[in-house]
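Q: Before I ask anything, here is the structure I am working with.
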Amino acid sequence: MKTFEKHGARIEVWRDLSEASARAAELFTQIAISSTETRDRFSVALSGGSTPKALYALLADDAWQKSLAHVWPLAHVFWTDERCVPPSDPQSNYRMAQEALLAHVTVPEDQIYRMRGEDEPESAAKGYASLLENVFGTSAPRFDLILLGMGADAHTASIFPHSPLLKTADDTPPVAAPYVEKLNAFRLTMTLRVLNSAANTIFLVSGKDKAEPLRRVFASVERDEELPARWVRPTSGELVWLVDEDAAQLLD
Ligand code: 6PG
5 MKTFEKHGAR IEVWRDLSEA SARAAELFTQ IAISSTETRD RFSVALSGGS TPKALYALLA
65 DDAWQKSLAH VWPLAHVFWT DERCVPPSDP QSNYRMAQEA LLAHVTVPED QIYRMRGEDE
125 PESAAKGYAS LLENVFGTSA PRFDLILLGM GADAHTASIF PHSPLLKTAD DTPPVAAPYV
185 EKLNAFRLTM TLRVLNSAAN TIFLVSGKDK AEPLRRVFAS VERDEELPAR WVRPTSGELV
245 WLVDEDAAQL LD
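To convert a position in the sequence shown, counted from 1, into the working numbering, add 4.
Listed below in structure tokens is the structure:
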């Protein structure tokens, strides 16, 4: 594994997604254990898409169950973003994480906070912000861990290139319901106000189609509305990118 620092982030390059996912499981476990030891609680926001599936399956596996057994009952599980579909829809990020991980571990039902993709988007976003407020006492909490992915267009969560959420990055609600032109669909997403408040942020990125966006994201620190993933810069937290060799091939 190669590791280096760039623009305040630690980048770890692993041979393939399986190795990067194993490392992600290790970091997830370390953060979860230390959070529950200090605060009797572990707050985590899961990302969607396909890349994290292997990580979620690992965390559900017996081998990791032992070290996480006492963590799950203290975990509060949120999502970074969601498609505007019902929870039973194959596109649902909730469904993916529920099937790969949450159905196999002992997080209490009332500590799993699903974004209501089936509701009218704006009210679902407002409802999720209230949920954050109810659980944390603030609608812009400091998560112990936020997991993120990156699209081939350098979007992260559901903040896409040229999103209005970038124009008002420092002054948006904590959860928004942007209309995404290229998808011709609404999405629900935590905004940078929440994403940049986390104590630990882990990007998990794999595949050669992510090589060019990754190169561009790390080419500078300047805010560029073409590159939303570059805007994730925790104000006072750890930022780690776990990438495989295919995704890292253009990084200098
Ligand atoms: C989503 C995700 C999104 C994802 C990227 C990468 O809802 O799609 O939250 O931000 O992380 O699109 O997706 P893949 O992992 O499928 O490449």
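The beta carbon of each residue, even a glycine, is placed where N, CA and C say it ideally should be.
If Ala202 and Gly241 are in contact, beta carbons under 8 angstroms, what's the gap, nearest whole angstrom?
A: Between Gly241 and Ala202 the Cβ distance is about 5 angstroms, and since that is below 8 angstroms, they are a contact.
Q: What do you reckon, are the CB atoms on Leu196 and Ala181 nearer than 9 angstroms?
A: No, these two residues do not count as a Cβ contact at 9 angstroms.
Q: Count the other CB atoms within 10 Å of the CB of Arg19; is the residue buried (16 or more) or exposed (fewer)?
A: The residue is exposed, with fewer than 16 neighbouring Cβ atoms inside 10 Å.
Q: Apply the 10 Å Cβ neighbour rule to Pro94 and answer buried if 16 or more other Cβ atoms are within range, or exposed otherwise.
A: Counting Cβ neighbours within 10 Å, Pro94 comes out exposed, since fewer than 16 surround it.
Q: Any chance the CB of Thr172 is under 8 angstroms from a heavy atom of the ligand 6PG?
A: Thr172 Cβ: outside cutoff for every heavy atom of the ligand 6PG.
Q: Within the 9 angstroms Cβ cut-off, does Ala251 reach chain B?
A: You won't find chain B in this structure, because it holds only one protein chain.
Q: Could you tell me the alpha carbon to alpha carbon distance between Gly12 and Arg43, rounded to whole angstroms?
A: Approximately 27 angstroms between the Cα atoms of the pair.
Q: Which of the three DSSP states is assigned to Ala24 in this structure?
A: Residue state, collapsed to three classes: helix.
Q: Where does Glu16 sit, in a helix, a strand or coil, going by DSSP?
A: Three-state DSSP puts Glu16 in a strand.
Q: Do Leu63 and Ala29 come within 9 angstroms of each other at the CB atom, strictly closer than that value?
A: The answer is yes: Cβ separation under 9 angstroms.
Q: Use the C-beta contact count for Met5: other C-beta atoms within 10 angstroms, 16 or more gives buried, fewer gives exposed.
A: When all chains shown are included, Met5 counts as exposed.
Q: Would you report the Cα separation of Leu199 and Leu187, rounded to the nearest angstrom?
A: Answer to the nearest angstrom: the Cα atoms are 22 angstroms apart.
Q: Using beta-carbon positions only, say whether Leu246 and Leu208 come within less than 9 angstroms of one another.
A: Yes, they are a contact pair.
Q: Is there at least one non-hydrogen atom of the ligand 6PG closer than 8 angstroms to the beta-carbon of Lys214?
A: Yes - the ligand 6PG has a heavy atom lying nearer than 8 angstroms to the Cβ of Lys214.
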